[in-house]
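As structure tokens, the structure follows; a few thoughts come after it.
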Amino acid sequence: MTGKHVDVVIVGAGLSGIGAAYHLQQKCPNKTYVILEGRASLGGTWDLFKYPGIRSDSDMHTLGYNFKPWRQKKVIADGPSILSYIQETADENNITSHIQFNTRVNKVSWSTQTQTWTLEMVGSQQANGDNAVSTVTCNVISMCCGYYNYDQGFTPEFTDIDVFKGKVVHPQKWPTDLDYKDKKVVIIGSGATAMTLAPVLSNEAKHVTMLQRSPTYVVSKPSEDKIANVLNKVLPEKIAYSLVRSKNTFMQQFLYSLSRRNPDKLKKKLIKLASKHLSDEYVAKHFTPSYNPWDQRICLVPDDDLFNAINKSKLSVVTDNIQTFTEDGIQLTSGEILEADIVVTATGLNLLRLGGIDVVVDNKPIDMADTYIYKGVMYSGVPNLFNTFGYINASWTLRADLIAEYICKLINHMDNTKTTKMMPTLPEVDFNMPKRDMVDNFSSNYMKRAMHSFPKQGDKAPWLNHQTYKQDKQSLNEDPLDDGILIFSDGLTDETDRHV
């Protein structure tokens, strides 16, 4: 592929990348593009994770694309169904033919002289065992590679874990041949992965224990949306889908807004809902966090499956700390010993900014942690590069669709103004603007471990990374596009870049 030039390169063929390609084809039909995918197949997260019960933790009317209705009745969908949905989207829109698989991007370099990005890629191994290295050039890069490390999940350092005679498994590397039938399983963790795995494994395991250091908010929701099912019977498919998508988007944002305005009220409501399924004592001990709602993610439980497994005594929740591993299980700081044949470390993810790709502008390496994020999409001093980073408090695709449409508007604006470069430029008055984490007011450890390496947000627009759909929709639809901060130029001017 070395020497090839396209107008746009999309990095990543997951949910975001396929969506970005669709919007590009629809709104910029004359632009050439390629999708570079490091793995052998598309689907991203939904192709990578193979653990039992893998599913969405939000409804498919908002996790699905705004242009393609979700047709299944179950809206809290399993992983294979979501993967099929992404594959179908790619195939029916002739996107699959634009994907180059087994191609990992290591570095991207911008040249002001040529007004192009050069992407350095490593492909599949050659006959001599070396990795094939190639390059492609383009004018615009759309990063759709997610925000975590696909190679390895996060596992804390556990004392004497090598002493344990059973199997230790991380969900990100789930063995397809793992036999957990009639086994004692301990799942370490209290996030979405642990809450997905626990009830599913309990169906066949002798017993499952979910071991958590501290409680998480959990809310149950039917896997089918009754309103959606009714609307689908009386309205055209796209209209029904749009209405339900709007309803669910509003509810997601309303609950998040309530968590900011009146956290105590929402906390009491969530605890009351959990108490409908479990005893007050059990909820107080294992499902009442010390933090406020949406300071960390709220876990979704479809059709009460977690609560049902607990009530059937197939699943236990233990809130304690690990002191050490033993040959037969885990000893807790309380002195209790949890016997186990299998330990699942559902302990989180390792995050990567921009997929771990090095960024160079005019031969100068860019430390992304020193840049400010522009409208949650671009970075100060980095031209023609966009990154799709979804919501932590709502469905990822809500923001991915907004960003994809915004990118297309900017590309068309460059064409209409005969410019080749667009770059967020920090005004001199903002040089000493306070730096805040790109995602703040969110205390989950997987975020706290990585935010130091991510771009920063400032204390005023447009240098804010909103986590609300309404604000993003307004921000990304503001006119004019050339707002005095996002500077467009024709490549003939110097770094002062004239306004268009």
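Using the numbering used here, the first residue of the sequence shown is number 119, and each one after it goes up by one. Don't be surprised by glycine CBs; every beta carbon is placed ideally from N, CA and C.
Nearest-angstrom Cβ-Cβ length linking residue i and residue j, presumed shorter than 8 Å
i	j	result
residue 487	residue 305	With a Cβ gap of about 34 Å, residue 487 and residue 305 do not count as contacting.
residue 180	residue 366	5 Å
residue 522	residue 137	6 Å
residue 151	residue 124	5 Å
residue 420	residue 351	Contact flag wrong, Cβ pair sits at about 22 Å.
residue 490	residue 578	So it is not a contact: roughly 11 Å between Cβ atoms.
residue 561	residue 409	6 Å
Start-to-end residues for the beta strand (DSSP E) that takes in residue i
i	result
residue 420	417-420
residue 433	433-437
residue 214	Looking at the DSSP string, residue 214 is not in any beta strand (DSSP E), and its letter there is neither H nor E.
residue 539	539-542
residue 457	455-457
residue 593	Careful: residue 593 lies outside any beta strand (DSSP E), inside the alpha helix (DSSP H) at 587-593.
residue 448	447-450
residue 606	604-607
residue 276	From DSSP, residue 276 is part of no beta strand (DSSP E); its letter is neither H nor E.
residue 476	476-479
residue 572	Taken as a continuous stretch (DSSP letters only), residue 572 belongs to no beta strand (DSSP E), as it is neither H nor E.
residue 150	Counting along the chain, residue 150 falls outside any beta strand (DSSP E), and DSSP gives it neither H nor E.
residue 443	440-444
residue 127	126-129
Residue i to residue j span [Cα, whole Å]
i	j	result
residue 285	residue 318	18 Å
residue 673	residue 592	There is simply no residue 673 to check, as the chain begins at 119 and stops at 618 in what is shown.
residue 539	residue 159	32 Å
residue 378	residue 557	15 Å
residue 494	residue 601	15 Å
residue 316	residue 196	15 Å
residue 672	residue 411	Look at the range of the chain in this structure, 119 to 618, and you will see that residue 672 is not part of it.
residue 422	residue 251	50 Å
residue 142	residue 447	52 Å
residue 226	residue 504	12 Å
residue 240	residue 546	39 Å
residue 396	residue 387	15 Å
residue 101	residue 373	A question about residue 101 goes unanswered here, because the residues of the chain that appear run from 119 up to 618.
residue 436	residue 457	13 Å
residue 606	residue 536	10 Å
residue 243	residue 288	Confidence at residue 243 is low in this model, with a pLDDT of 47, below 50, so the placement of that residue is unreliable and no value is reported for it.
residue 246	residue 268	Only weak support exists for where residue 246 lies, its pLDDT of 46 falling under 50; the value from the coordinates is given anyway. So the two alpha carbons sit approximately 26 Å from each other.
residue 193	residue 177	5 Å
residue 147	residue 214	16 Å
residue 466	residue 399	28 Å
residue 617	residue 186	At residue 617, the pLDDT of 34 sits below 50, so the modelled position is not reliable and the matter cannot be decided from this model.
residue 292	residue 433	20 Å
residue 333	residue 163	26 Å
residue 474	residue 429	44 Å
residue 469	residue 588	26 Å
residue 595	residue 586	14 Å
residue 153	residue 145	17 Å
residue 171	residue 442	29 Å
residue 258	residue 149	11 Å
residue 363	residue 344	13 Å
residue 525	residue 256	15 Å
Where the alpha helix (DSSP H) through residue i begins and ends
i	result
residue 348	344-352
residue 169	Unbroken run through residue 169: none, as it is neither H nor E.
residue 143	133-145
residue 509	Note, residue 509: premise wrong, no alpha helix (DSSP H); not H, not E.
residue 406	No alpha helix (DSSP H) contains residue 406, which DSSP labels as neither H nor E.
residue 564	563-566
residue 465	From DSSP, residue 465 is part of no alpha helix (DSSP H); its letter is neither H nor E.
residue 396	Note, residue 396: premise wrong, no alpha helix (DSSP H); not H, not E.
residue 180	178-181
residue 428	423-429
When the options are compared against residue i, the one with the closest alpha-carbon
i	options	result
residue 167	380, 470 and 294	294
residue 502	431, 509, 380 and 492	492
residue 330	438, 594 and 208	438
residue 174	564, 310 and 469	310
residue 201	131, 252 and 268	131
residue 356	189, 587, 579 and 441	189
residue 271	259, 307 and 519	307
residue 139	604, 164 and 205	205
residue 407	279, 262 and 384	384
residue 320	303, 389 and 485	303
residue 207	229, 599, 134 and 452	134
residue 543	580, 510 and 283	580
residue 480	511, 553, 354 and 233	233
Chain C contact for residue i (CB, 8 Å cutoff)
i	result
residue 189	Absent from the structure: chain C. Only one protein chain is present.
Item to check | Every unbroken beta strand (DSSP E) inside the region 216-269 [3 residues or more] | outcome: 222-229, 234-243, 249-256 and 258-261
Checklist entry - What residue ranges within the region 278-363 form continuous alpha helix (DSSP H) runs of no fewer than 4 residues, ordered along the chain? => result 310-320 and 344-352
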